[in-house]
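These protein sequence lines are chains A and B, in that order. Heads up, the first sequence is in my numbering, so the first residue is 1 and it goes up one at a time. Heads up, the second sequence is in my numbering, so the first residue is 1 and it goes up one at a time. Cβ atoms here follow ideal geometry from the backbone N, Cα and C, with glycine treated the same way. For clarity, every value in this text was computed on a predicted model and none was experimentally measured. This report refers to the structure that appears directly beneath it.
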Amino acid sequence: MTRRELLAMAGSAAVLRAAPAPAPPVAIARASYDDDLVATLGTMFDQLGGASRIVRNKTVTVKLNLTGSPALRFQGKALGLTHYSHPKTVMAMAHVLDRAGARRIRFVESAWGTAGPLEEYLLDSGWNVRGLIAVSPKIEFENTNALGKAKRYSRLKVPGGGHIFPAFDLNHSYEDTDVFVSMAKLKNHETCGITLAMKNCFGITPASIYGDDSGIDGPNESPTKGRGEVCHFGKRQPSKTAPAENDPASNRHPGYRMPRIVADLAATRPLDISFIDGIETVIGGEGPWIQGLALAKPGVLILGTNGVTTDTVGAAVMGYDPRAPRGVKPFETCDNTLLLAEALGVGSADLSRIDVRGVPIAQVRYAFR
Amino acid sequence: MLLAAIALAAMPDWVPARWFSKDPATLKLVESTAINCLLLETSQWSKAFSDAAAERGIVTLRLEGDAAVDASGKPVITFTNRSAMQFDAPIAASAQGVWPGVRVEAPKAHAAASGAPWIDTNTGFLRYARVSSKGAIWIANRAPADQPIPLARYLAAIGDAAMTGARWVLDFDRDFARRLTARDPAALKDWAQILQSVRFYEDHKEWRGYTARSTLALVEGPASGALLSGGILDMIATKHTPVRPVPTGHLEAPSLLRATMTVNADPISLDDRRKEILKAYTRAGGTLFTGPPGWKFPSLRPDQIALDAADLETLDEIWKELNALTGRKNLGARLFNVSSMLSNLLESPDGKQVILQLVNYSDFPIENITAHVLGHFRKATLLQPGATPKPLELYKVDDDATGVDVPAVGPLATIVLEP
């Protein structure tokens, strides 16, 4: 199946809804950043049937989690120890994908407040970019916060028409790929309760179009801000070149909008590999700009081939009921993204249907807030 | 008379501290250190103290109003407002300064990723002062007296001045002064690091004669915020873009040599001859940025050292354009992972040594800093107070620049690059 066929299939909500949501297995491992993470990750992939099966001769796009400016540190800690993807896990993923025969490994992120090269953003984040590039000649980078290296944006329609937007205009990287990977952090989220593999992919929306300083009529190819006004609060529409909201009179509360946007994105650009780094992280929010943040060392990695099932296991590891309704922790003020994505047929949020391999959830459960 | 003349000659080498005790026993704290000039309030000054200091080769000055006077009562140094600084004096000094550090802002209540913090600094003003003066530059901003100041903040204050070639007149919060006087072990440990940091820059006096290395020149004067903290130079420097300040009154054709881009922040202060110099510069291929038509720097009060909110909006009008013009260009060096730091790129008069001064304003060491320095270099050494010089690996970034990675730096560091 080609990637275009896959996307076409994803575009058919009827097809997705006709069958029960898929529930592929999820692997869990204990880990520390001093471990041989290449070996750990390799074992986890093997528990899911092997990385080669998914990536051999494929273009693999890896969405990192580098939320907020790299200038913002929590208690002076390295970003990877708190709210960013840790460079060691990314290095390990690069090794595993390379050995598994990936044809191209493209690391992407919509870097906060800039459309500059992602490599420079990584340097600003304290990464050894030369070391990462040295892993494989197949590695490349793209900042997806704007048009990037393409001549046009890719329009990806939301299956079933979308809760908020009917389609998204995205950097070409999210269309020009065979395999889509999310490398997320195990974290709470101020608006969505949790931010795991799926919520990480909210960052695929370019600020050039969905940002607070996006152009009114067309993209601003030099964005400098976040996406609060367009996405979280719905105070304005995206640039006119992109599809506007289905219903501009709909609920403006971020706890209503953001879970729906995330679920729609998960259905629009489904994840083939979902990775959650819970070795060291933060509790109480997604970044240092959130009050009441605390450091945590759950010492766990989670890997799956489906965004919903992986995040469901992630939520359970955090001590939450993945099917908790609005009003129940961690979804006190928002709708449950897992259930919304499940309803779209992306994957199952039913823990009883998910085969957890490696370390049982009970042995790694870590009480978040 | 002779002694007075000798003292005058030594003035550029005075390393000052505002002293907190009249007890001669406290002189042991500065004995055989780089600090050789103590400033005392009149109420603290005594002949006994002064004589005891002199025996140790330490000059004492009495503070009277805005002047520091010698034993005979003769004013030696005047601490003026920035706008009244005497750049032709052996020591040009101002008491007006901000307390350097990362500006702390309360986290937001709602989810929204945000940008980099602002660093309060005197460096923009001091860099202008440095190129305006042939003598020494002192800044005597006071440490917040009523709160215990962490060691890192003191070190940042020392570096904030020293990386521009100026000296901060050391000053201490009450708690630290009390603990030092009482020989509290923790205070003495911090004191040792403070002395080490002062010594670090005094051991490299030659750096004060180095000049800014950048292909970006900033023509500025008092009317265009050169004496401010948070002015255009600071805004450029916060982006770690090297910039060479050129005082409006010093603008000559050679001032712009090697400058591929020049920002004229002070168009209304230029006389016809200097306007012609800039025209010739653009005719020769230089890029001149003057801001939007009709734009002028906000009016400033003589005692003003920072811009208010309305002024910042005016500055924002040119900042976006200027940032777009300079952003991501290598105008001397590009630095990465340095958001809580400020830097200053300098070169020796013979051009054979380039130094990158780094000051970390956070309370934590910074790991994995990268610098892409314009030019070709074969040797790089990391110098830090109290540490053995560390050779650094160099690599080619592109045809024009050399890359260097620094594994970790503490509060103060200097990278020395040689061809």
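Looking only at C-alpha atoms, which of the options sits nearest to residue i?
i        : options                                : result
Ala212/B : Gln193/B, His240/B, Ser229/B           : His240/B
Leu448/B : Ala48/B, Asp350/B, Pro349/B, Leu345/B  : Outside the shown range of chain B (1 to 419) lies residue 448/B, about which nothing can therefore be said.
Thr191/A : Leu351/A, Ala362/A, Arg326/A, Asp272/A : Arg326/A
Val300/A : Thr268/A, Gly307/A, Glu286/A, Ala316/A : Ala316/A
Asn251/A : Thr241/A, Lys235/A, Val262/A, Asp264/A : Lys235/A
Glu245/A : Pro254/A, Asp335/A, His163/A           : His163/A
Ser362/B : Gln353/B, His376/B, Glu55/B, Leu342/B  : Leu342/B
Pro365/B : Arg30/A, Gly76/A, Lys149/A, Ile302/A   : Gly76/A
Asp311/B : Leu322/B, Lys320/B, Ser299/B           : Ser299/B
Ala19/A  : Gly307/A, Gly345/A, Gly160/A           : Gly345/A
Ala341/A : Asp217/A, Cys201/A, Gly278/A           : Cys201/A
His376/B : Leu394/B, Leu322/B, Gln384/B           : Leu394/B
Pro16/B  : Asp88/B, Gln86/B, Val198/B, Lys74/B    : Val198/B
Taking 8 Å as the CB-CB cut-off, is residue i touching chain A?
i        : result
Pro107/B : Low confidence applies to Pro107/B: its pLDDT is 48, below 50, so where it sits in the model is not reliable enough to give any reading.
Arg328/B : yes
Ala324/B : yes
Met11/B  : no
I want to see whether chain B comes within less than 8 Å of residue i, judged by CB atoms only; does it?
i        : result
Gly116/A : yes
Glu280/A : no
Ser85/A  : no
Ala296/A : no
Gly211/A : no
Glu221/A : no
Gly80/A  : no
Gly218/A : no
Gly76/A  : yes
Glu245/A : no
Glu120/A : yes
When you compare only the Cα positions, how much space is there between residue i and residue j?
i        : j        : result
Thr121/B : Ala71/A  : 17 Å
Gly215/A : Ser32/A  : 43 Å
Gly50/A  : Ala100/A : 8 Å
Ile137/B : Lys379/B : 31 Å
Thr290/B : Asn264/B : 5 Å
Val69/B  : Gln147/B : 29 Å
Arg174/B : Pro117/B : 28 Å
Lys185/A : Asn65/A  : 7 Å
Ser348/A : Met258/A : 20 Å
Thr402/B : Gly126/A : 18 Å
Arg103/B : Asp350/A : 46 Å
Thr60/B  : Leu39/B  : 6 Å
Pro206/A : Thr248/B : 43 Å
Leu338/A : Ile204/A : 18 Å
Gln353/B : Thr414/B : 12 Å
Thr262/B : Ser255/B : 10 Å
Ala367/A : Ala267/A : 29 Å
Asn143/A : Ser110/A : 5 Å
Thr215/B : Glu367/B : 28 Å
Ile139/A : Pro117/A : 14 Å
Thr309/A : Ser239/A : 33 Å
Met163/B : Thr123/B : 8 Å
Gly165/B : Ala48/B  : 33 Å
Met1/A   : His172/A : With a pLDDT of 35 at Met1/A, under the threshold of 50, the predicted position of this residue should be treated as unreliable, though the coordinate-derived value follows. C-alpha separation (whole angstroms): 19 Å.
Gly314/A : Leu196/A : 7 Å
Ala156/B : Ala226/B : 22 Å
Ala237/B : Leu122/A : 21 Å
Met183/A : Arg152/A : 26 Å
Entirely enclosed alpha helix (DSSP H) segments - the stretch 264 to 344 of chain B, minimum 4 residues: 272 to 283, 309 to 326
Members of the stretch 123 to 149 of chain A that neighbour chain D once the beta carbon cut-off is set at 9 Å: Looking for chain D here will not work: the only protein chains present are A and B.
Those runs of the alpha helix (DSSP H) which lie wholly inside the stretch 136 to 207 of chain A and span at least 4 residues: The stretch 136 to 207 of chain A contains these whole alpha helix (DSSP H) runs: 197 to 200.
Members of the stretch 39 to 72 of chain A near chain B, C-beta cut-off 8 Å: Thr67, Gly68, Ser69, Pro70, Ala71, Leu72
Residues, ordered as in the chain, of the stretch 362 to 388 of chain B that lie near chain A by beta-carbon distance below 7 Å: Within the stretch 362 to 388 of chain B, the qualifying residues are Ser362, Asp363, Phe364, Glu367, Asn368, Thr370.
Interface positions of the stretch 336 to 364 of chain B facing chain A (Cβ-Cβ less than 9 Å), listed along the chain: Phe336, Asn337, Val338, Ser339, Ser340, Ser362, Asp363, Phe364
Residues from the stretch 35 to 68 of chain B in contact with chain A, defined by Cβ distance under 8 Å: none
Ranges of the beta strand (DSSP E) found wholly within the stretch 348 to 412 of chain B, counting only runs of at least 3: 354 to 360, 366 to 374, 379 to 383, 390 to 392, 394 to 396, 401 to 409
Members of the stretch 98 to 109 of chain A that neighbour chain B once the beta carbon cut-off is set at 7 Å: none
Runs of alpha helix (DSSP H) wholly within the stretch 210 to 242 of chain B (minimum 4 residues, chain order): 232 to 238
Runs of alpha helix (DSSP H) lying entirely within the stretch 37 to 102 of chain B, each at least 4 residues, in chain order: 47 to 55
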